[in-house]
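Residue numbers (our numbering): 26 to 273. Heads up, the thing below is written out as structure tokens.
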């Protein structure tokens, strides 16, 4: 039994373009290509696509997913491993739900909050592999040691500082300020100081971070929630600041 690329895209909640891209990368090769040029996928391809989508949902990059799939050729073993990941993710989400419920209840009742309850289930290590791929194992380990050394209040303060920076970017964009203007460049300076807590702030690092905010919606949404286009605004501000103020 096989399915056309349109059928698979519709059932998987993705697009034909994405499936073709996966094929071009060698991630998802069609079982055959018809005389009309259409791609068709068999049952094995469906299982492989399920694995790709699962790993993508867990935050892995496409090159990393390819490495995982090539290293797990036994489908049953791979599916058991993926099932464990899903169960762990379900447990983590369950803890987050309970955490938010507790926070909501305590807030509505005027009760004091406990940091351990507020942040239960929020694990910064989910991006370990991606950080390692982008900037190296040493960069991840340095930031991990720094993060684990913070108190719960320190972690909340660090996250709060970033929220303020993102909000200020959004307000600056909304009133028509230029990314290269003095006011916005001062926000970029604060942003780079915030980044310096976990990494060496160089020109290439900051421009790379800015580009990632636009290219990766997981990070861009932290800015675009303050107004569509804010992630692009942040990228432009950081790029300008890096070129003017930083060196490699």
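Quick reminder that beta carbons are idealized off the backbone N, C-alpha and C, glycines included. Small disclaimer: the values here were computed from a predicted structure and weren't measured.
What residue range is occupied by the uninterrupted beta strand (DSSP E) comprising residue i?
i: residue 67; result: 64 to 67
i: residue 29; result: 27 to 29
Looking only at C-alpha atoms, which of the options sits nearest to residue i?
i: residue 90; options: 53, 109 and 191; result: 53
i: residue 222; options: 250, 171, 188 and 242; result: 171
i: residue 184; options: 247, 112, 63 and 33; result: 247
i: residue 57; options: 82, 108, 50 and 67; result: 67
i: residue 256; options: 51, 108, 245 and 272; result: 245
i: residue 228; options: 208, 206, 93 and 260; result: 260
i: residue 216; options: 105, 271 and 190; result: 190
i: residue 81; options: 219, 37, 60 and 30; result: 37
i: residue 78; options: 59, 40 and 64; result: 40
In three-state DSSP terms, what is residue i?
i: residue 144; result: Since pLDDT at residue 144 reaches only 45, below the 50 mark, its modelled position is unreliable, and the value read off the structure follows with that caveat. DSSP places residue 144 in coil when its eight states are reduced to three.
i: residue 183; result: helix
i: residue 43; result: helix
i: residue 58; result: strand
i: residue 226; result: coil
i: residue 33; result: helix
i: residue 276; result: Residue 276 cannot be examined here, being either before or after the span of the chain that is shown, 26 to 273.
i: residue 273; result: coil
Which two residues bound the contiguous alpha helix (DSSP H) that contains residue i?
i: residue 242; result: 242 to 249
i: residue 267; result: 255 to 270
i: residue 213; result: 207 to 220
Just to check my reading of the structure: residue i and residue j have Cβ atoms closer than 8 Å, yes? What is that Cβ distance to the nearest angstrom?
i: residue 230; j: residue 212; result: Actually they are not in contact, since the Cβ atoms of residue 230 and residue 212 sit about 18 Å apart, beyond 8 Å.
i: residue 209; j: residue 267; result: About 14 Å separates the two Cβ atoms, so there is no contact after all.
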